[in-house]
Amino acid sequence: MMSRVQKGLIAGVAATVAVSLLEIPNMFLNWFDPFQGVIASMIGMPGNLAVGWVVHVISGVFILGPLFAVLCPRLPTDTPETKGIVFAVGAWIIMMAAIVMFGNYRTFTAGAGFGTFAWLLITHAVFGIVLGNVYARLVARDKRMGATIIGGAHAH
9 MMSRVQKGLI AGVAATVAVS LLEIPNMFLN WFDPFQGVIA SMIGMPGNLA
59 VGWVVHVISG VFILGPLFAV LCPRLPTDTP ETKGIVFAVG AWIIMMAAIV
109 MFGNYRTFTA GAGFGTFAWL LITHAVFGIV LGNVYARLVA RDKRMGATII
159 GGAHAH
């Protein structure tokens, strides 16, 4: 049986991969400022997408995944996907506040503006949906395996 944090790490990997797959076409088609570029600009390394990718992966897997696992039972909705959305939108709000407080006012290019904010919100919502779904599946799998191994009772 895995701990909640381990389940959160695995769910964080799945959610980070899902969002990365959405972000890759955006980087080449230049619809909006790439998320990795926003992150790089925020930490004072504008244009360094490699740093943005590293921070993106570390944040999604090692920070947001485990944090979701800890907070999931306390989140105010009923389904794992909506819990994930609530969590990810909260992360988006914190990120936006950090950009306003600590980032450069040029973090977003003049042409991007609202579109980039909306894109970041949408990708965070997708992150939350995948995070919640994968985490709930791992929890359900552990419950099934625990019931099978222990004969219907959970070990304490």
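Quick note on our numbering: the sequence shown kicks off at 9 and runs consecutively. No residue lacks a Cβ here, since even glycine has one placed at the ideal position from N, Cα and C.
- Task: Report, in whole angstroms, the separation of the C-beta atoms of Lys60 and Gln44, which I expect to be a contact under 8 Å.
- Result: First, the residue type needs correcting, since residue 60 is Gly and not Lys in the sequence shown. The Cβ separation is near 3 Å, so the contact holds.
- Only counting runs of 4 or more residues, tell me where the alpha helix (DSSP H) segments fall wholly within the stretch 26 to 55, in order along the chain. Segments of the alpha helix (DSSP H) lying fully in the stretch 26 to 55: 43 to 50.
- Does DSSP put His64 in a helix, in a strand, or in coil? If DSSP states are grouped into helix, strand and coil, His64 belongs with the helices.
- Message: Using a 10 Å radius around the Cβ and a threshold of 16 neighbouring Cβ atoms, would you call Val25 buried or exposed?
- Response: Exposed: under 16 other Cβ atoms inside 10 Å.
- If we count the other Cβ atoms within 10 Å of its Cβ and call it buried at 16 or more, is Ala163 buried or exposed? Note that Ala163 has pLDDT 47, beneath the 50 cutoff, so the model's placement of it is unreliable and no number is given.
- Query: Which same chain residues, not among the five before or five after Leu83, have their C-beta less than 7 Å away from its C-beta?
  - Reply: Cβ within range, chain order: Lys91, Val94 and Phe95.
- Item | Secondary structure of Ala144, DSSP reduced to three states | Residue state, collapsed to three classes: helix.
- Tell me whether Val13 is buried or exposed, calling it buried when 16 or more other Cβ atoms sit within 10 Å of its Cβ. Note on Val13: under 16 other CB atoms within 10 angstroms of its CB, so exposed under the neighbour-count rule.
- Element boundaries [alpha helix (DSSP H), containing Leu75]: Gly73 to Leu79 is the span of the alpha helix (DSSP H), which, as asked, contains Leu75.
- Item | Cβ pair count under 8 Å reaching 3, the stretch 122 to 132 against the stretch 27 to 46 | With a cut-off of 8 Å, the stretch 27 to 46 and the stretch 122 to 132 count as touching, because enough Cβ pairs lie within range.
- Item | First and last residue of the uninterrupted alpha helix (DSSP H) at Val94 | For Val94, the enclosing alpha helix (DSSP H) begins and ends at Pro88 to Phe110.
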